[in-house]
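S.K.:
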Amino acid sequence: MSRRQSYDGVVLVAPYSEPYQRYSIETAHWWIARALRGSLQSAGLKSGDLDGFSVASFTLFPDTAVGLTQHLGLCPRWLDHIPMGGASGVVALRRAARAVQAGDADIVACVAGDTNHIDSFRNMLSSFSRFAMDASYPYGYGGPNANFALLTDRYMQTYGATREDFGRICVAQRANALKNPGAVMKKPLSLDDYMAARPIADPIALFDCVMPCAGSEAFLVMTEDEAVKRNLPFARIAGAIERHNAFPDDPIQLRGGWVMDIDELYEQARTTPDTIDLLQTYDDYPVISMMQIEDLGFCAKGDAAAFVRAHDLTITGNFPHNTSGGQLSAGQAGAAGGFIGLVEAIRQVTGTAGPTQVADARRAMVSGFGMINYDRGVCSSAAIITSETA
Amino acid sequence: MTTPLTPPPRKDPQKRTVSPTQPPGMRSRASLGLSAAAAEGRFALQTCAECGKVQYPPRDACSGCLSTDMPWRDVSPSGTLLAETTIRTSVNLYFRERAPWRTGSVQLDAGPVILCHVHNDCDRNGRVQIWNRLDRSGQAVLLAVPEERTPVMEDDPQLRAMTSDPKHRRALITDARNPNAPALAAALKQAGASMIFVAEAESWRPYPGRKALEDIGGIELLQMDVTDTSSVQRMAGEYGGKTDILINNARFIRPGGALARGDVAFARDEMEVNYLGLLRLAQAFGPAMCGRAADGVNSAVAWVNILSAWSLSNNAEFGCFSASNAAAYSLSQNLRAEFRPSGLRVMNVFTGPTEDSWFQPVPPPKVTPQAIARSVIGGLRDGLEDVWCGDVAKDMRERFLQNPKILEREMTGGGQG
């Protein structure tokens, strides 16, 4: 029995996504402000009502959350900056929830946002991490595409997954994205389209890759009493985990940090995988979504391809997955890619997802992953959030 | 199997010469240890002095026990290819221009998992050897090659880019009169050089090696005097655009230290040839060679200096000659910096006393012209920066790295031994 405390009494409100753009001349500061304002307005709050602020961004340099306090006119008594890429959303949730629980803050805004200039991707790659600079980019400068191509190659060899199997995930997410007016990808995608796509770094091809774009996401964390007082729909936090640099002796990454703590997550949430109504995985590449389906307990290791073949991952299917289209179809707005699943999940369990609403969605699992420091994703996180009445 | 390179056609004068581009060259200080090893063709990794764990990527504290004592040690180059990809597009110009490019992940027998370039002859998931080589940014990269040599494996475009291979290239030897010139020319021809230019100064003055040079065949003798600026510039104007590898073997040597000589006359000649000669050549040939560093199969690729190992630490019996080589050595480091943006490699072949008349009274071991030639060709084929030719040079290197101050005493008789 772990010592983890529950998150009772703390809730998530005001999910907000600023519509993504392929390229933007604005700054990360601008995008973060847009999402912060959108979230606050939807909760009937002003920036002066905030006393906690958490930020995740790749393009804020030379600023951090510190610069933003003065830039945006905030005066928080709790401040955080989260450099964990795709794991940032759930990690921001964990930090903010404990602060609110402990009374260190009452209303915390968690925001992620990035701009995308014509040279943003190239600039981000060039200074991503020391190990990437020393030991990854000199080898073809393929960026994450090349790294994940290696993981995909090994995964396919080890477990017999085929490109068609990965394609099924991409095709289902595209179908979901077509119901999301904010998604960057607007055209339908068939399995034939997926299979015929331009190769990027074998075996990865065009539709295995996200489209980097500019965008931002935000949500607020407050006590349940505060949310009720303000008449805001809210989501409960049934459990949340994170783990970094798991299994460093695995020669190549076929499993992520979730494996180490997933039992505690279900224990904390007092539930099992079959009660989850929808799953938002971190989908920088379909192979990682498959890994999460396995490592989060929905099937045995190596069986995700069979699982995907046996389930319908669309919004109306029997295993709704990445209901807004995920990053593969909605776009990856930098660090906001670590929030997109969580923000959408809050909408789902509060019944406010609109065109992408999964019927009767009461319990959602959100998974985060990221930061290819060298040859594998170092950060991982996962949370189970529920409707008020679940 | 590697497709053999075909000799390049004549350059089309109407086409713009491709500008040199580079792989990313930024590295942390710890990673420069790998580049230092690659400069000599060694594969070394940090090995924790306390727990023995081999580290990769290079780092500042042991990932096993947090010790900060992790000296670089040669490690087994064997490994197994775990996964691979072929990169078809990149935001980096160098790789974009050269796609598709094969890379992979290798589990080293020594422990760590490395990302590396993969030679096209490697089998999927097969056993490989890792070579630590300098890429065109001048930094170390790891390359997986098959365990056994395969036919013309040096013609693989990825490998060729990490070498200064003389095959299909044109070389210029700057001093026909040096006793090592015929051996150098013969070795270059054997190594597949398409043209060998050899420069002679004062052609009216006969020298024994001239016949040997002419007998090799396929050699073009040209007039150039490295002490004469206009001579060097004139030759660079005509041959600079055709020089892919420049081998500077010009040498002026006399015995004696500062007090053994009565004046600066010989010292002036030593500086004029050994140091200023190098500077003149660099100023005249350097820009043209740098401009052609990405010019196809026979791109300009290397600048070779034959230096005395006493450039590291002065030998009292040849004190002034040692000083002139120290000047040339320092200048070669400057050239390395100036050539870096183009990717042109500067290779120094350090040698102890050679088997020629000026070292007649010096005891063995001494280095033959053939040994120098082998070192030059071997170094070019491996794309090295530093080659230690012969036992004396290797001995000096080891002592210098261990303690340069002790070496200074040994070289200047301070140990009285």
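Chains as they are written, first to last, in the working numbering: chain A, 131 to 520; chain B, -18 to 398. Using N, Cα and C, we set each Cβ at its ideal position, and we do this for glycine too.
#1: Could one say the Cβ of N280(A) lies closer than 8 Å to chain B's Cβ atoms, at least one of them?
#2: Let me know the beta strand (DSSP E) ranges lying completely inside the stretch 143 to 195 of chain B, each 3 residues or longer, listed in chain order.
#3: Whose C-beta lies closer than 7 Å to the C-beta of G173(B) among residues of the same chain, with five residues either side of it excluded?
#4: Where do the ends of the alpha helix (DSSP H) carrying I418(A) lie?
#5: Cα separation between V230(A) and G182(A)?
#6: Could you list which residues in chain B have their beta carbon closer than 9 Å to that of F191(A), in chain order?
#7: Which two residues bound the contiguous beta strand (DSSP E) that contains N448(A)?
#8: May I have the straight-line CA-CA distance separating G484(A) from W160(A), to the nearest angstrom?
#9: Please classify W82(B) as buried or exposed, where buried requires at least 16 neighbouring CB atoms within 10 angstroms.
#10: Would W185(B) be called buried (16 or more neighbouring beta carbons within 10 Å of its own) or exposed?
#11: Helix, strand or coil for Q204(B) per DSSP?
#12: For the beta strand (DSSP E) that T67(B) lies in, which residues bound it at each end?
#13: Run through chain A and tell me which residues come within less than 7 Å of H98(B), C-beta to C-beta.
#14: Determine the contact status of L202(A) and S177(A), defining contact as a CB-CB distance below 8 Å.
#15: Report back the beta-carbon spacing between A434(A) and I423(A) to the nearest angstrom; my notes put them in contact at under 8 Å.
#16: If V140(A) and V351(A) are in contact, beta carbons under 8 Å, what's the gap, nearest whole angstrom?
#17: Excluding the 5 residues flanking R506(A) on each side, which residues of the same chain have their C-beta closer than 7 Å to its C-beta?
#18: Which whole runs of the alpha helix (DSSP H) in the stretch -7 to 45 of chain B are 4 residues long or more, in chain order?
#19: Just to make sure I have the definition right: I need the residues of chain A whose C-beta is within less than 9 Å of the C-beta of V122(B). Which are they?
#20: Counting only the same chain and skipping the five closest in sequence on each side, list residues whose C-beta sits under 7 Å from that of D283(A).
#21: Please classify I248(A) as buried or exposed, where buried requires at least 16 other C-beta atoms within 10 Å of its C-beta.
#22: For P342(A), tell me which candidate among D210(A), S250(A), A489(A) and G500(A) has the shortest Cα-Cα distance.
#23: Which one of G290(A), S510(A), W208(A) and Y504(A) has the shortest CA to CA distance from A389(A)?
#24: Could you say which of S212(B), E298(B), G22(B) and V327(B) lies nearest to S311(B) if we only look at CA atoms?
#25: Does the pairing of the stretch 315 to 335 of chain B with the stretch 279 to 288 of chain B give three or more beta-carbon distances under 8 Å?
#26: If you run the structure through DSSP and keep just helix, strand and coil, what is P333(A)?
#27: Mind checking which residues open and close the beta strand (DSSP E) that includes S147(A)?
#28: Examine chain A for any beta-carbon lying closer than 8 Å to the beta-carbon of N101(B), and answer yes or no.
#29: Can you give me, in chain order, the residues of the stretch 375 to 390 of chain A that have a beta carbon less than 8 Å from any beta carbon in chain B?
#30: State the start and end residues of the unbroken alpha helix (DSSP H) segment that holds G471(A).
#31: In or out: Q135(A) buried (at least 16 other Cβ within 10 Å) or exposed?
#32: Looking at chain A, is there any beta carbon in it that lies within less than 8 Å of the beta carbon of R362(B)?
#33: For A66(B), I'd like the list of residues in its chain whose CB is within less than 8 Å of its CB, leaving aside the five on either flank, ordered along the chain.
#34: Does any CB atom of chain A fall closer than 8 Å to the CB of L312(B)?
#35: If we count Cβ pairs, one from each stretch, closer than 8 Å, do we get three or more for the stretch 364 to 371 of chain A versus the stretch 395 to 412 of chain A?
#36: Just to confirm, are V314(A) and G500(A) a CB contact at a threshold of 8 Å?
M.R.: Put simply:
#1: In the first sequence, the residue the question calls residue 280(A) occupies position 150. The residue you asked about is not Asn; residue 280(A) is Leu in the sequence shown. The C-beta of L280(A) comes closer than 8 Å to at least one C-beta of chain B.
#2: Runs found: 151 to 154 and 176 to 181.
#3: Walking along the second sequence from the start, residue 173(B) turns up at place 192. For G173(B), same chain residues with a beta-carbon under 7 Å away, outside a window of 5 residues either side, are P147, K148 and H149 in chain order.
#4: Start at 1 with the first residue of the first sequence, and residue 418(A) comes out as number 288. Bounds of the alpha helix (DSSP H) holding I418(A) are P416 to D425.
#5: Counting from 1 along the first sequence, the entry for residue 230(A) is found at position 100. Counting from 1 along the first sequence, the entry for residue 182(A) is found at position 52. Here the alpha carbons of G182(A) and V230(A) stand approximately 9 Å from one another.
#6: Along the first sequence, one-based indexing puts residue 191(A) at 61. None at all; the shortest Cβ gap to chain B is about 16 Å.
#7: By 1-based counting over the first sequence, the position of residue 448(A) is 318. Counting along the chain, N448(A) falls outside any beta strand (DSSP E), and DSSP gives it neither H nor E.
#8: Counting from one through the first sequence, the residue named residue 484(A) turns up at place 354. Counting from one through the first sequence, the residue named residue 160(A) turns up at place 30. Approximately 26 Å, taken between the alpha carbons.
#9: Here residue 82(B) refers to the residue found at position 101 when the second sequence is read from its first residue. With a threshold of 16 other beta carbon atoms within 10 Å, W82(B) meets it and is buried.
#10: Reading the second sequence from its first residue, position 204 is the one you call residue 185(B). Taking all protein chains in view, the Cβ of W185(B) is surrounded by fewer than 16 other Cβ atoms within 10 Å, so the residue is classified as exposed.
#11: As a working mapping, residue 204(B) is identified with position 223 in the second sequence. DSSP places Q204(B) in strand when its eight states are reduced to three.
#12: Looking up residue 67(B) in the second sequence gives position 86. Note, T67(B): beta strand (DSSP E), S59 to I68.
#13: The residue given as residue 98(B) occupies position 117 in the second sequence. Here the neighbours are Y269.
#14: For the purposes of this step, residue 202(A) is identified with residue 72 of the first sequence, where counting begins at 1. For the purposes of this step, residue 177(A) is identified with residue 47 of the first sequence, where counting begins at 1. It is a contact, given that the beta carbons lie within the stated cut-off.
#15: Here residue 434(A) refers to the residue found at position 304 when the first sequence is read from its first residue. Here residue 423(A) refers to the residue found at position 293 when the first sequence is read from its first residue. Rounded, the Cβ-Cβ distance is 4 Å, consistent with contact.
#16: Counting from 1 along the first sequence, the entry for residue 140(A) is found at position 10. Counting from 1 along the first sequence, the entry for residue 351(A) is found at position 221. Sure, about 6 Å apart at Cβ, within 8 Å.
#17: On the first sequence, position 376 is the one that residue 506(A) refers to. Cβ neighbours of R506(A) within its own chain (closer than 7 Å, five residues either side excluded): Q383.
#18: Counting only runs of 4 or more, we get 13 to 20.
#19: By one-based count along the second sequence, residue 122(B) stands at place 141. Simply P268 and Y269.
#20: Within the first sequence, residue 283(A) is the residue found at index 153, counting from 1. Answer for D283(A): P333, listed in chain order.
#21: The residue labelled residue 248(A) in the question sits at position 118 within the first sequence. With fewer than 16 Cβ atoms within 10 Å of its Cβ, I248(A) is classed as exposed.
#22: For the purposes of this step, residue 342(A) is taken as the residue at position 212 of the first sequence. For P342(A), the nearest C-alpha among the options comes from S250(A).
#23: The residue labelled residue 389(A) in the question sits at position 259 within the first sequence. The residue asked about is misnamed: residue 389(A) is Val in this sequence, not Ala. V389(A) has its Cα closest to that of S510(A), out of G290(A), S510(A), W208(A) and Y504(A).
#24: Locating residue 311(B) in the second sequence gives position 330, counting from the first residue. Checking every option, the nearest Cα to that of S311(B) belongs to V327(B).
#25: Three or more beta-carbon pairs separated by less than 8 Å link the stretch 315 to 335 of chain B to the stretch 279 to 288 of chain B, which places the two stretches in contact.
#26: Working through the first sequence from its first residue, we reach residue 333(A) at position 203. In the structure shown, P333(A) sits in coil (DSSP, three-state: anything other than H, G, I, E or B).
#27: Translated into positions along the first sequence, residue 147(A) becomes position 17. Element bounds for S147(A): V140 to Q151.
#28: Counting from 1 along the second sequence, the entry for residue 101(B) is found at position 120. No - not a single Cβ of chain A is within 8 Å of the one on N101(B).
#29: Result list: P378, P381 and I382.
#30: As a position in the first sequence, residue 471(A) is number 341, starting the count at 1. Where G471(A) is concerned, the enclosing alpha helix (DSSP H) starts and stops at I470 to V479.
#31: Counting from 1 along the first sequence, the entry for residue 135(A) is found at position 5. Label assigned to Q135(A): exposed.
#32: Within the second sequence, the letter at position 381 stands for residue 362(B). When Cβ-Cβ separations below 8 Å define contact, R362(B) makes no contact with chain A.
#33: On the second sequence, residue 66(B) is found 85 positions in, with the first residue counted as 1. As written in the sequence, residue 66(B) is Thr, which differs from the Ala given in the question. These residues qualify, in order along the chain: R83, T84 and G85.
#34: Looking up residue 312(B) in the second sequence gives position 331. Interface with chain A (8 Å Cβ-Cβ cutoff): L312(B) is excluded.
#35: The stretch 364 to 371 of chain A, when compared against the stretch 395 to 412 of chain A, does touch it at the 8 Å Cβ threshold.
#36: Position 184 of the first sequence, counted from the start, is the residue given in the question as residue 314(A). Position 370 of the first sequence, counted from the start, is the residue given in the question as residue 500(A). It is not a contact, given that the beta carbons lie outside the stated cut-off.
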